[in-house]
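Chemist: Going by this note's numbering, the sequence shown opens with residue 215, and the numbers climb by one from there.
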Amino acid sequence: MGTNEAPAIAGAGSANAGQATSGEAPQTDGFHLVIDALKLNGINTIYGLPGIPITDLTRKAQAEGMRVISFRHEQNAGNAAAIAGFITQKPGVCLTVSAPGFLNGLTALSNATVNCFPMILISGSSEREIVDLQQGDYEEMDQLAIAKPLCKAAFRVLEAEDIGVGIARAIRSAVSGRPGGVYLDLPAKLFAQTMDAVAGKASLIEVVDPAPRQIPAPEAVKRALDLLKGAKRPLILLGKGAAYAQADADIRALVEKTGIPYLPMSMAKGLLPDTHEQSAAAARSFVLPGADVVVLIGARLNWLLSHGKGKTWGGKTSKNWGGQKFVQIDISPTEADSNVRIDAPVVGDIGSCVSALLAGIGSNWAKPPAEWLDAIAAKKNANLAKMAETLAKDPTPMNFHSALNVVRDIVKANPDAMLVNEGANALDFTRSIVDMYQPRKRLDVGTWGIMGIGMGFAVAAAVETGKNVIAIEGDSAFGFSGMEVETICRYNLPVCVVVMNNNGVYRGTDVNPTGGADVAPTVFVKDARYDMLMAAFGGVGVRAATPKELRAAMEEAIRSRKPTLINAIIDETAGTESGRITSLNPQSAKKK
Ligand code: ADP
Ligand code: TZD
Ligand code: MG
């Protein structure tokens, strides 16, 4: 073992490894072993924020050809890593310093785990001898213990020769089975350790088949098909697990060959184009209670689906089941029955499960009864006509509809652009108004409805795909990660941020009931110039008060691919409390 000053020549996997400089056996060190282990496994990008003890890791990673994207706050780097995992099926890596940096990254790691995104949070940590005796080291914290309950798996590496195993375990844990977040604790001393370069190289593991296929049991497939065959009012629900699985062609074939109407969950929008004739999205409140057999593909029956019961599903009270039967395709066997009975669980990876169902369906599968399809079409067309009417209005000031009508056109004209979306009204209206045309283009607040994913997701979407990114942000939501506009400018990323500026959280109209000088808790500075924030770092800032101005600015942003922030002035009275989830706000039963 050596020290920081030890001759850390090149990485074991790099071009000049194995060439001694002084007649001694060539050596490598902890820094290079981490870099080489990541690269060996096809991980070539690190999202992070430098500082003790990982500053040199970021430098050396860049020197070894990795892309190192430095952020202004670790939570945003973590969110970037998480969504990189969702987009690519490879764990996104976030690198932070100890204690506070680690904690800043932990929210993202936890969010990734909840959303089933593969991610690895690598944090440097302080000296174990001191931390474990709680003697007050620099940034002292037992990070491994804290991370464990908040992610899928957590590991610590103490010896350089174990780095290969540590990285391999982290990768396999993140992507196999149900994907999720993994924490990897790397104490400061580890980086400085040196070892023989040849032995170091030999200690690295290239993970073979990190996310093995999991073939569903034939009897489970048959049970599902039997249930589906008897259905009078079948429905398919596509979740973000289906988007993640990258089984796009087979999922489309399953939908089209069976003729079953489908509903996409938020991040599954675009898996089939939202304009597909079998999409029942515009008739959601009709098909959920109306369906008799529902096929869940990579979607959990959590709060986003009202737990599979209650009024949404035609039940009489919030505890009543609607009487639907469920097929659930999921890689996690324990997901079934989490909320209501699952009559036909199909456990396996979505690609394998969907192709097994397709094989069982054959070529002469009877389409669902016309009565069901016609009723859905009638509802859908009526709702779409109503929506078209609302979108055609041009009020002053703009409201969410008139602004999002522009975004809808821009996305239609640029279907391969990535769309990031957060806020309350800014989220819910965008989801329902802006059609998506391609898989994995819509990235949003996910299972927790978390604010703060915006700029981290936008950076990773641009870095991982090279495509234009459009981020539709509530003004409150934007504030959580807004400083990363500097990051966007620094890396010159083709990101167009649209801040839906309604002067506050949900609305800008609340007043302080006491008449005191403080404004209400949900209200921000009026007419805040978010556009000037982007201009401050050399990007393009535009204040857009009309749909025409918004359209011109978005078109120019897409054309130029310059970092752009459009401050879209929205009627401050237009929003509703919590957007579409007003009912989740607790209401006291206390009498006045
Ligand atoms: P949504 O919020 O869109 O409804 P969820 O996050 O609730 O989606 O559900 C995603 C589900 O997909 C999780 O239960 C997860 O286990 C599952 N999943 C993720 N990837 C795969 C895969 N490759 N194969 C099978 N199931 C998967
Ligand atoms: N903090 C975190 C991390 N996540 C959250 N979801 C919230 C707070 C609570 N919250 C929401 O659920 S939406 C929202 C907050 C603060 C912001 C809504 O305001 P906005 O959107 O400006 O982003 P609209 O368009 O004004 O509704
Ligand atoms: Mg707002």
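All residues carry an ideal CB built from backbone N, CA and C; glycine is no exception.
Run through DSSP, which three-state label would Ala295 get?
Modeler: On the sequence shown, residue 295 is found 81 positions in, with the first residue counted as 1. In the structure shown, Ala295 sits in a helix (DSSP, three-state: H, G or I).
Chemist: Give the DSSP-derived three-state secondary structure of Arg794 in the structure shown.
Modeler: The residue you call residue 794 lines up with position 580 of the sequence shown. Helix at Arg794.
Chemist: Taking 8 Å as the threshold (C-beta atoms), are Ile624 and Met768 in contact?
Modeler: What you label residue 768 is simply residue 554 of the sequence shown in a count that begins at 1. What you label residue 624 is simply residue 410 of the sequence shown in a count that begins at 1. A contact, by the Cβ cut-off of 8 Å.
Chemist: Below 8 Å on the Cβ atoms is my contact criterion, and I expect Gln460 with Tyr476 to pass it. Report the Cβ-Cβ distance as a whole number of Å.
Modeler: Reading the sequence shown from its first residue, position 246 is the one you call residue 460. Reading the sequence shown from its first residue, position 262 is the one you call residue 476. No, Gln460 and Tyr476 are not in contact; Cβ-Cβ is about 18 Å, not under 8 Å.
Chemist: Whether or not the stretch 349 to 369 and the stretch 378 to 386 are in contact is what I'm after, with contact meaning three or more pairs of Cβ atoms, one per stretch, closer than 8 Å; do they touch?
Modeler: yes
Chemist: Quick check on the DSSP output: the beta strand (DSSP E) that includes Gly183 runs from which residue to which?
Modeler: The question about residue 183 has no answer, for the chain in this structure spans 215 to 806.
Chemist: Have a look at Ala496 and Ala457 and give me their C-alpha separation to the nearest angstrom.
Modeler: Counting from 1 along the sequence shown, the entry for residue 496 is found at position 282. Counting from 1 along the sequence shown, the entry for residue 457 is found at position 243. Their Cα atoms are separated by approximately 20 Å.
Chemist: Is Asn716 close to ligand 2? I mean its beta-carbon at under 7 Å from any heavy atom of the ligand.
Modeler: Here residue 716 refers to the residue found at position 502 when the sequence shown is read from its first residue. Flag set: Cβ of Asn716 near ligand 2.
Chemist: By alpha-carbon positions, which one of Leu468, Ala425 and Lys762 ends up nearest to Val620?
Modeler: Here residue 620 refers to the residue found at position 406 of the sequence shown. Out of Leu468, Ala425 and Lys762, Lys762 has the C-alpha closest to the C-alpha of Val620.
Chemist: Suppose contacts are defined by Cβ-Cβ distances below 8 Å. Is Phe184 in contact with Phe331 by that definition?
Modeler: Nothing can be reported for residue 184, as the shown portion of the chain is limited to 215 through 806.
Chemist: Please say whether Ser552 and Leu515 have beta carbons closer to each other than 8 Å?
Modeler: Residue mapping note: residue 515 aligns to position 301 of the sequence shown, counting from 1. Residue mapping note: residue 552 aligns to position 338 of the sequence shown, counting from 1. Yes, Cβ-Cβ distance for Leu515 and Ser552 is below 8 Å.
Chemist: Grab the span of the alpha helix (DSSP H) containing Cys703 for me, first residue to last.
Modeler: Taking the first residue of the sequence shown as 1, we reach residue 703 at position 489. Going by DSSP, Cys703 is part of the alpha helix (DSSP H) stretching over Val699 to Arg704.
Chemist: Rounded to a whole number of angstroms, what is the C-alpha to C-alpha distance between Ala592 and Lys471?
Modeler: Counting from 1 along the sequence shown, the entry for residue 592 is found at position 378. Counting from 1 along the sequence shown, the entry for residue 471 is found at position 257. Computed Cα separation, rounded: 22 Å.
Chemist: Rounded to whole angstroms, what is the Cα-Cα separation between Val754 and Gly696?
Modeler: Taking the first residue of the sequence shown as 1, we reach residue 754 at position 540. Taking the first residue of the sequence shown as 1, we reach residue 696 at position 482. Val754 and Gly696: Cα-Cα distance of roughly 15 Å.
Chemist: Ligand 1 heavy atoms versus the CB of Asn516: any closer than 7 Å?
Modeler: Translated into the one-based positions of the sequence shown, residue 516 becomes position 302. True, at least one ligand heavy atom lies under 7 Å from that Cβ.
Chemist: Taking only runs that begin and end inside the stretch 374 to 440, name each unbroken beta strand (DSSP E) of 3 or more residues, in chain order.
Modeler: Runs found: 395 to 401 and 408 to 410.
Chemist: From Glu585 to Gly473, what does the alpha carbon distance come to, in whole angstroms?
Modeler: Counting from 1 along the sequence shown, the entry for residue 585 is found at position 371. Counting from 1 along the sequence shown, the entry for residue 473 is found at position 259. Each residue's alpha carbon lies about 13 Å from the other.
Chemist: To the nearest angstrom, how far is it from the Cα of Phe738 to the Cα of Ala675?
Modeler: Position 524 of the sequence shown, counted from the first residue, corresponds to residue 738. Position 461 of the sequence shown, counted from the first residue, corresponds to residue 675. Our two residues, Phe738 and Ala675, have alpha carbons roughly 29 Å apart in a direct line.
Chemist: Sort out for me which residues DSSP pairs Asn715 with in a bridge.
Modeler: Sequence index remark: in the sequence shown, residue 715 carries index 501 (1-based). The partner list for Asn715 (beta bridge, DSSP) reads Ile783.
Chemist: Is Ala573 a contact residue of ligand 2, with contact defined as CB to any heavy atom under 7 Å?
Modeler: For the purposes of this step, residue 573 is identified with residue 359 of the sequence shown, where counting begins at 1. Annotation for Ala573 indicates a beta carbon at 7 Å or more from all heavy atoms of ligand 2.
Chemist: Starting from Tyr744 and walking both ways along the beta strand (DSSP E), at which residues does that stretch end?
Modeler: Start at 1 with the first residue of the sequence shown, and residue 744 comes out as number 530. No beta strand (DSSP E) holds Tyr744; the alpha helix (DSSP H) holding it covers Tyr744 to Ala750.
Chemist: Just to check, is the beta-carbon of Met650 closer than 7 Å to a non-hydrogen atom of ligand 2?
Modeler: Counted from its first residue, the sequence shown places residue 650 at position 436. For ligand 2, not one heavy atom lies less than 7 Å from the Cβ of Met650.
Chemist: Using beta-carbon positions only, say whether Leu418 and Ala251 come within less than 8 Å of one another.
Modeler: Stepping through the sequence shown from its first residue, residue 418 is reached at position 204. Stepping through the sequence shown from its first residue, residue 251 is reached at position 37. The answer is yes: Cβ separation under 8 Å.
Chemist: In the DSSP assignment, find the unbroken beta strand (DSSP E) run with Ile575 in it and report its ends.
Modeler: Taking the first residue of the sequence shown as 1, we reach residue 575 at position 361. Where Ile575 is concerned, there is no enclosing beta strand (DSSP E), although the alpha helix (DSSP H) it sits in stretches over Ile564 to Ile575.
Chemist: For Ala788 and Pro611, I'd like the C-alpha separation in whole angstroms.
Modeler: Stepping through the sequence shown from its first residue, residue 788 is reached at position 574. Stepping through the sequence shown from its first residue, residue 611 is reached at position 397. One alpha carbon belongs to Ala788, the other to Pro611, and they sit about 10 Å apart.
Chemist: Quick check: the Cα distance between Met280 and Ile590, rounded to an integer number of angstroms?
Modeler: Your numbering for residue 280 matches position 66 in the sequence shown. Your numbering for residue 590 matches position 376 in the sequence shown. Whole-angstrom Cα-Cα distance: 51 Å.
Chemist: Is the CB-CB distance between Asn329 and Gln289 below 8 Å?
Modeler: As a working note, residue 329 is residue 115 in the sequence shown. As a working note, residue 289 is residue 75 in the sequence shown. Contact: no.
Chemist: Which ranges does the beta strand (DSSP E) cover as unbroken runs of at least 3 residues, wholly within the stretch 574 to 645, from first to last along the chain?
Modeler: With a minimum length of 3 residues, the continuous beta strand (DSSP E) runs that stay inside the stretch 574 to 645 are 632 to 636.
Chemist: Counting C-beta neighbours from all protein chains within 10 Å, is the total for Gly512 16 or more, i.e. buried, or is it exposed?
Modeler: As a position in the sequence shown, residue 512 is number 298, starting the count at 1. Buried: at least 16 other Cβ atoms inside 10 Å.
Chemist: Output the boundary residues of the beta strand (DSSP E) element that contains Arg281.
Modeler: Start at 1 with the first residue of the sequence shown, and residue 281 comes out as number 67. Per DSSP, Arg281 belongs to the beta strand (DSSP E) from Arg281 to Ser284.
Chemist: Tell me whether Gly522 counts as near ligand 1, meaning its Cβ is closer than 7 Å to at least one heavy atom of that ligand.
Modeler: Within the sequence shown, the letter at position 308 stands for residue 522. Incorrect: Gly522 has no Cβ contact closer than 7 Å to ligand 1.
Chemist: Could you give the first and the last residue of the continuous alpha helix (DSSP H) run that contains Lys304?
Modeler: Here residue 304 corresponds to residue number 90 of the sequence shown, with the count starting at 1. DSSP places Lys304 outside any alpha helix (DSSP H), giving it a letter other than H or E.
Chemist: Assuming Leu252 is part of the beta strand (DSSP E), what are its boundary residues?
Modeler: Locating residue 252 in the sequence shown gives position 38, where the first residue counts as 1. Counting along the chain, Leu252 falls outside any beta strand (DSSP E), though it belongs to the alpha helix (DSSP H) covering Gly244 to Leu254.
Chemist: Under 8 Å between the Cβ atoms of Val248 and Gly262?
Modeler: Along the sequence shown, read from residue 1 onward, the residue named residue 248 stands at position 34. Along the sequence shown, read from residue 1 onward, the residue named residue 262 stands at position 48. No, Cβ-Cβ distance for Val248 and Gly262 is not below 8 Å.
Chemist: Within 10 angstroms of its Cβ, does Met479 collect 16 or more other Cβ (buried), or is it exposed?
Modeler: Here residue 479 refers to the residue found at position 265 when the sequence shown is read from its first residue. It is buried - the Cβ of Met479 has at least 16 other Cβ atoms within 10 Å.
Chemist: Could you check the C-alpha separation between Glu420 and Thr269 for me, to the nearest Å?
Modeler: Counting from 1 along the sequence shown, the entry for residue 420 is found at position 206. Counting from 1 along the sequence shown, the entry for residue 269 is found at position 55. Spanning the two alpha carbons is a distance of roughly 26 Å.
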